[in-house]
Amino acid sequence: MAAVEMGRGVITREEGFDRRIEPFRTELLAYCYRMLGSAHDAEDVVQDTYLRAWRAREQYDDTRSSLRTWLYRIATNACLTALEVRGRRPLPSGLVAASDPLGPLVQGEHVAWLQPLPDSVLDAGDPAGAVIDRGSLRLAFAAALQHLSARQRGALILRDVLSFSGSETAEILGTTVVSVNSSLQRARTRMKEVGVRRERVSEPSAAEQRAWVERYMKAFVLADVEGLKRLLTEDVLMEMPPMLNWFSGRSNYGLFMEWVFGAAGKDWLLKEVAANGGQPGFAAYQRVGDGYDLHTLQIFTVTDEGISRNSVFQDSNVYATFGLAARLDDQGRAIAEA
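One rule links them: number in the working numbering = place in the sequence shown (from 1) + 331.
Here it is, written out as structure tokens:
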């Protein structure tokens, strides 16, 4: 096997190739998440991308494109193939009309929902936070991307988020610059129609956002509905995949939380989480018997005026992605399943 000298030892050319492509893994994961709307699917596609890159390593020509562009083309092809089968992943507010907060909960049958992305998977691969534009990972932006066709989504992310040139984007998508520009224009128009712009909106610092949610957590464990309402914006939105139900407004939110505490009790344990590039949240554990069972994962959007959105997830796959224990004891320690 061919080998090259590097440092003190001798490594194979294949090992050298691995080292060259490994630094791109985290940004490719973020890209695939934006494309697919699922942390699990994104991880699968990135693994597939690296396998394809390894198999095609002898075909890479650095005189034709950068290694980064070449990897993005492989990842994009894998994403486009996956999207042909899996389609888009909406949130309830992008799928159906608003609900009565006291109406029956209706489960969305056969709907693959947008999922949150735990910050831990980004931090592990990019501890300095230098590679990823985390603002473009926010749930609202990820949900808006689901309104675009696969190729429109790719063009918008590659050009407006990742700042690839028109020619690089055309190479990655396997098309022409004219086609890229057309897709990009349609994508920008559609994003404006659904109320989301690429430009980052003003938001509180990470510490301020966490402080808002910590106050919310204190009110939650006290079952203080009025205290919760004081932390919300007037047009706050709550949605709860896999339920189709969603509603907006501080009053509706309060009515729903009164129902929650009445139906599920007032004894809870909460565990802080962070998702989608810095959105604060928590896992809510409900008292059941002599312990606490995992009930929901809640991710918040926070503005200068308060909490404007609560995306509540109740999905075992999402729980697993965040590494959440199914059951806790009174001290908040995980209880091993029998």
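Backbone N, C-alpha and C define an ideal beta-carbon position, used for all residues, glycine too. All values reported here derive from a predicted model rather than from experimental measurement.
**Distance between L568 and A429 (C-alpha atoms, nearest Å)** = The sequence position of residue 429 within the sequence shown is 98, counting from 1. The sequence position of residue 568 within the sequence shown is 237, counting from 1. Answer to the nearest angstrom: the Cα atoms are 10 Å apart.
**Request:** Buried or exposed for P572, please, with buried defined as at least 16 other CB atoms from any protein chain shown within 10 angstroms of its CB.
**Result:** Within the sequence shown, the letter at position 241 stands for residue 572. P572 comes out buried.
**Prompt:** I think V452 touches Q540, with their Cβ atoms under 8 Å apart; what is that distance to the nearest whole Å?
**Reply:** Here the question's residue 452 lines up with position 121 in the sequence shown. Here the question's residue 540 lines up with position 209 in the sequence shown. The pair is not a contact, with the Cβ atoms about 20 Å apart (cut-off 8 Å).
**Prompt:** Between G368 and L445, is the Cβ-Cβ spacing less than 9 Å?
**Reply:** As a first step, residue 368 is located in the sequence shown; it is residue number 37 there, counting from the start. As a first step, residue 445 is located in the sequence shown; it is residue number 114 there, counting from the start. Against a cut-off of 9 Å, the Cβ pair of L445 and G368 comes out as a contact.
**Prompt:** When DSSP builds the beta bridges, which residues end up paired with Y364?
**Reply:** By 1-based counting over the sequence shown, the position of residue 364 is 33. Answer by DSSP bridge pairing: none, since Y364 is not bridged.
**Asked** Using DSSP with H/G/I as helix, E/B as strand and the rest coil, what is D621?
**Response** Translated into positions along the sequence shown, residue 621 becomes position 290. Coil, per DSSP.
**Asked** Using the C-alpha atoms, what's the distance from K602 back to Q438?
**Response** Taking the first residue of the sequence shown as position 1, residue 438 is located at position 107. Taking the first residue of the sequence shown as position 1, residue 602 is located at position 271. Distance between the alpha carbons of Q438 and K602 is about 26 Å.
**Reduced DSSP secondary structure (H/G/I, E/B, other) of R658** = One-based indexing of the sequence shown puts residue 658 at position 327. Note: R658 maps to strand in three-state DSSP.
**Asked** Counting along the chain, where does the beta strand (DSSP E) carrying E603 start and finish?
**Response** Here residue 603 refers to the residue found at position 272 of the sequence shown. First-last of the beta strand (DSSP E) with E603: 599-606.
**Prompt:** Rounded to the nearest angstrom, how far is the Cβ of T520 from that of V511, given a contact under 8 Å?
**Reply:** Numbered from 1 along the sequence shown, position 189 holds the residue referred to as residue 520. Numbered from 1 along the sequence shown, position 180 holds the residue referred to as residue 511. Contact flag wrong, Cβ pair sits at about 15 Å.
**Item:** For F551, three-class secondary structure by DSSP
**Value:** Translated into the one-based positions of the sequence shown, residue 551 becomes position 220. It is helical.
**Asked** In terms of residues, what are the limits of the alpha helix (DSSP H) holding N641?
**Response** Along the sequence shown, one-based indexing puts residue 641 at 310. Here N641 belongs to no alpha helix (DSSP H); instead the beta strand (DSSP E) covers 637-644.
**Item:** Pairwise C-alpha distance: D464 and S639
**Value:** In the sequence shown, counting from the first residue as 1, residue 639 sits at position 308. In the sequence shown, counting from the first residue as 1, residue 464 sits at position 133. Cα to Cα, S639 sits roughly 22 Å from D464.
**Message:** Let me make sure I understand the geometry here. Which of L479, S424, R395 has the alpha-carbon closest to that of L411?
**Reply:** Taking the sequence shown and counting its residues from 1, the one referred to as residue 411 is at position 80. Residue L479 is the option with its Cα nearest to L411.
**Message:** Suppose the cutoff is 6 Å on Cβ atoms and the five residues either side in sequence are ignored; what does the same chain contact list for F587 look like?
**Reply:** Reading the sequence shown from its first residue, position 256 is the one you call residue 587. For F587, where only same-chain residues beyond five positions count, the Cβ hits under 6 Å are P432.
**Request:** If I'm right that L563 touches R546 with Cβ under 8 Å, what's the distance once you round it to whole angstroms?
**Result:** Position 232 of the sequence shown holds residue 563. Position 215 of the sequence shown holds residue 546. About 11 Å; that fails the 8 Å criterion.
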